[in-house]
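Undergrad:
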Amino acid sequence: MGRVMAAITLAAMLAASSASAFDPEDLKRLIETNECVGCDLSNADLLGVNLKKAILVEAILASADLRSANLREANITGANLGGADLTGADLTRAYINGAILCNTIMPEGSVIYSGCK
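Heads up: the sequence shown begins at 2 in my numbering, then just goes up one per residue.
1. Buried or exposed for residue 101, please, with buried defined as at least 16 other CB atoms from any protein chain shown within 10 angstroms of its CB.
2. Across which residues does DSSP place residue 115 in a beta bridge pair?
3. Looking only at DSSP bridge pairs, what is residue 61 linked to?
4. Considering only DSSP beta bridges, list what residue 134 is partnered with.
5. Per DSSP, what kind of secondary structure is residue 24 in: helix, strand or coil?
6. Using C-beta distances below 6 angstroms, list every residue in its chain close to residue 117, excluding the 5 sequence neighbours before and after it, in chain order.
7. Rounding to the nearest angstrom, what Cα-Cα distance links residue 79 and residue 92 in this structure?
8. Here's the rule: buried if 16 or more other CB atoms are within 10 angstroms of the residue's CB, otherwise exposed. What is residue 111?
9. Does residue 83 pass the burial test, meaning 16 or more other C-beta atoms within 10 Å, or should it be called exposed?
10. Report the option in 44, 51 and 64 whose CA atom is closest to the CA atom of residue 33.
Have a look at this one:
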């Protein structure tokens, strides 16, 4: 049942964001393996997605919709989260060292301007 639900979720995400800048293969890899090092997920609709313990080191998540996403214990070290919306996301014990948080909406609604150039 889990794989079927993941496939349905992936199909819905791909259909809903066909005009987005992210690489559909990167999104597919993330959903299937929970890992996407250095991948491009900019503008991706990841609303409510379970990314617990995901490995997203140096991923491009610029302007991604991560509202209510589970990023508990995820490794997003060095990732670009510029302009991303993390409202309601769970970042408990997430590794975010070196992440770009320029104009990023944090889980509690505050906007961070760290790493802006």
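Think of the CB as a built atom: it goes at the ideal place given N, C-alpha and C, for glycine as much as any other residue.
TA: According to the structure data:
1. Counting from one through the sequence shown, the residue named residue 101 turns up at place 100. Residue 101 comes out buried.
2. Taking the sequence shown and counting its residues from 1, the one referred to as residue 115 is at position 114. BP columns for residue 115 point to 102.
3. As a first step, residue 61 must be located in the sequence shown, where it is residue number 60. DSSP lists 41 and 81 as partners of residue 61.
4. Past the boundaries of the shown model lies residue 134; the chain is included only from 2 to 118, so the question cannot be answered.
5. Residue mapping note: residue 24 aligns to position 23 of the sequence shown, counting from 1. Residue 24: coil per DSSP, three-state reduction.
6. By one-based count along the sequence shown, residue 117 stands at place 116. Cβ within range, chain order: 103.
7. Residue mapping note: residue 79 aligns to position 78 of the sequence shown, counting from 1. Residue mapping note: residue 92 aligns to position 91 of the sequence shown, counting from 1. Approximately 15 angstroms between the Cα atoms of the pair.
8. The sequence position of residue 111 within the sequence shown is 110, counting from 1. It counts as exposed.
9. To locate residue 83, count along the sequence shown from 1; it is residue 82. With 16 or more Cβ atoms within 10 Å of its Cβ, residue 83 is classed as buried.
10. Position 32 of the sequence shown, counting from 1, holds the residue named residue 33. Checked all of 44, 51 and 64; the closest Cα to residue 33 is 51.
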